[in-house]
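Peer 1: Here's a structure for you.
Numbering (the numbering used here), first residue to last: 626 to 1021.
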């Protein structure tokens, strides 16, 4: 009886929260409408990067590479409400996919007590209990969807969660033969995933790096084949124009460049800070890889990209979800402090002249560089060896 009540509670609370978040796109998400308009422009032979019909009284521009417009054609020919529902469901599934793959086969350290309360049974670190793992995944996905970057992603109809899931597929699901391709394709849809070539290079996986760049080059070539004029315009003029995607100085731009503009600092200060951040991020990634913390290593590279990019809107920071889950898995006091701080900062709406996400990212990279105490490192190594013996992470 208690187990059934637990499952019912999960289902009811989950449906209520997810409905409140995901059904927001029925209010006609503006960015998703722009994706559709760009796709329709290409389908009708009009310029993708020209003037599009207004969205909510505003004239918005298509800012992604040409191949992205082609990909959105199937959703562009459907009624807006149906296309929005499909895209939102796909984004939510992508979030759940990432959450699931952030939980090791042995479960998070908080899992036994939490899961036993949720499903009404004792669970030994979720080991071998697939139902409890799925239940915890659903619960954490619902909670994650309530964070500000996810709220913005669903509310605007953004593609960030899908791209993050593609990177996770590459890092943790595919075999060596195809690793890197999905990330390259993701970068062809939206340039920001290009930063993950650093992840493969620091893993000393040159073949995956090559496949990633080949996948990206393939999308560029496909764009030139399907939309030669738009491709020439995008890659020669538009791709480096940060002002085309909005006003970089606004508080919604949570990058070092946005911070520098808000502080009135010169471009040289941003470039210097970016160089230091890349070095710090590389050190953090190497430290995580050496400790066997591949999710945190991937997240460290993501944070580098978010910080050094000229524009990183708040909805780009969907990577906070795997960051918090990976820190919770380590479960040291300092990790829990960062988890609590992250939940506090990323649950709230960014305020005027706020650079909270930027500061959190810098602190996180610095923290990940710090070596673990020998005893803690040995404990983590032992736990991961046990997990690998029972269920390899690459086939989770």
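C-beta: ideal position from N, C-alpha, C; glycine also.
With DSSP run on the structure shown, which of helix, strand or coil describes residue 702?
Peer 2: As a first step, residue 702 must be located in the chain shown, where it is residue number 77. Three-state DSSP puts residue 702 in coil, outside helix and strand.
Peer 1: Quick check on the burial criterion: 16 or more other C-beta atoms within 10 angstroms. Buried or exposed for residue 996?
Peer 2: Your numbering for residue 996 matches position 371 in the chain shown. Classification for residue 996: exposed.
Peer 1: Does the beta-carbon distance from residue 699 to residue 856 come in below 8 Å?
Peer 2: Here residue 699 refers to the residue found at position 74 when the chain shown is read from its first residue. Here residue 856 refers to the residue found at position 231 when the chain shown is read from its first residue. No, Cβ-Cβ distance for residue 699 and residue 856 is not below 8 Å.
Peer 1: Can you tell me whether residue 962 is buried or exposed, with buried defined as 16 or more other CB within 10 angstroms of its CB?
Peer 2: By 1-based counting over the chain shown, the position of residue 962 is 337. The residue in question, residue 962, is exposed, as its Cβ has fewer than 16 Cβ neighbours within 10 Å.
Peer 1: Check this for me: beta carbons of residue 721 and residue 762, under 8 Å apart or not?
Peer 2: Here the question's residue 721 lines up with position 96 in the chain shown. Here the question's residue 762 lines up with position 137 in the chain shown. For residue 721 and residue 762, yes; Cβs fall inside 8 Å.
Peer 1: Can you confirm whether the stretch 827–839 touches the stretch 938–947 when touching is taken to mean that 3 or more C-beta pairs between the two stretches lie within less than 8 Å?
Peer 2: Taking 8 Å as the limit for Cβ pairs, the verdict is that the stretch 827–839 does not touch the stretch 938–947.
Peer 1: Grab the span of the alpha helix (DSSP H) containing residue 604 for me, first residue to last.
Peer 2: Missing from the structure shown is residue 604; the chain here goes from 626 to 1021 and no further.
Peer 1: Evaluate the contact criterion for the stretch 893–908 versus the stretch 929–936: three or more CB pairs, one atom per stretch, below 8 Å.
Peer 2: Short answer: they touch.
Peer 1: So, helix, strand or coil for residue 878, using DSSP?
Peer 2: For this step, residue 878 is matched to residue 253 along the chain shown. DSSP places residue 878 in strand when its eight states are reduced to three.
Peer 1: Per DSSP, residue 667 is paired with what?
Peer 2: Within the chain shown, numbered from 1, the residue matching residue 667 stands at position 42. BP columns for residue 667 are empty, so no partner.
Peer 1: Which whole-angstrom value is the C-beta distance of residue 837 and residue 865, which I expect to be below 8 Å?
Peer 2: Residue numbering aside, residue 837 sits at position 212 when the chain shown is read from its first letter. Residue numbering aside, residue 865 sits at position 240 when the chain shown is read from its first letter. In fact, because the Cβ distance is near 21 Å, the residues do not count as touching under 8 Å.
Peer 1: Tell me residue 938's beta-bridge partners as DSSP assigns them.
Peer 2: For the purposes of this step, residue 938 is taken as the residue at position 313 of the chain shown. Per DSSP, 878.
Peer 1: Quick one, which of 937, 802 and 794 has its alpha-carbon nearest residue 1099's?
Peer 2: Absent from the structure is residue 1099, since the part of the chain shown begins at 626 and ends at 1021.
Peer 1: Do the CB positions of residue 786 and residue 815 come within less than 8 Å of each other?
Peer 2: Position 161 of the chain shown, counted from the start, is the residue given in the question as residue 786. Position 190 of the chain shown, counted from the start, is the residue given in the question as residue 815. No. Outside cutoff.
Peer 1: Exposed or buried, what is residue 750 when buried is set at 16 or more other beta-carbons lying within 10 Å of its beta-carbon?
Peer 2: For the purposes of this step, residue 750 is identified with residue 125 of the chain shown, where counting begins at 1. Low confidence applies to residue 750: its pLDDT is 42, below 50, so where it sits in the model is not reliable, and the reading given next is rough at best. So residue 750 counts as buried.
Peer 1: At which residues does the alpha helix (DSSP H) containing residue 773 begin and terminate?
Peer 2: Sequence index remark: in the chain shown, residue 773 carries index 148 (1-based). It spans 773–781 - the alpha helix (DSSP H) in which residue 773 sits, taken as one unbroken run.
Peer 1: Can residue 992 and residue 970 be called in contact, C-beta distance under 8 Å?
Peer 2: By 1-based counting over the chain shown, the position of residue 992 is 367. By 1-based counting over the chain shown, the position of residue 970 is 345. In this structure, residue 970 does not lie closer than 8 Å to residue 992 by Cβ.
Peer 1: From residue 987 to residue 909, what distance separates their C-alpha atoms?
Peer 2: The residue you call residue 987 lines up with position 362 of the chain shown. The residue you call residue 909 lines up with position 284 of the chain shown. The alpha-carbon atoms of residue 987 and residue 909 are separated by roughly 11 Å.
Peer 1: Please state if the CB of residue 972 and the CB of residue 771 are separated by a distance shorter than 8 Å.
Peer 2: For the purposes of this step, residue 771 is taken as residue 146 along the chain shown, with counting starting at 1. For the purposes of this step, residue 972 is taken as residue 347 along the chain shown, with counting starting at 1. Yes, they are a contact pair.
Peer 1: Assuming the contact rule is C-beta atoms closer than 8 Å, residue 799 and residue 807 should be a hit. Round their C-beta distance to whole Å, please.
Peer 2: The sequence position of residue 799 within the chain shown is 174, counting from 1. The sequence position of residue 807 within the chain shown is 182, counting from 1. That pair is a contact at about 7 Å.
Peer 1: Can you tell which of 794, 674, 781 and 656 has the C-alpha that lies nearest to the C-alpha of residue 861?
Peer 2: Sequence index remark: in the chain shown, residue 861 carries index 236 (1-based). Closest option to residue 861, Cα to Cα, is 674.
Peer 1: Cα-Cα, which of 728, 693 and 657 is closest to residue 705?
Peer 2: On the chain shown, position 80 is the one that residue 705 refers to. The residue with the shortest Cα to Cα distance from residue 705 is 657.
Peer 1: I need the boundaries of the alpha helix (DSSP H) containing residue 899, first residue and last residue.
Peer 2: In the chain shown, the residue the question calls residue 899 occupies position 274. Here the alpha helix (DSSP H) through residue 899 covers 892–915.
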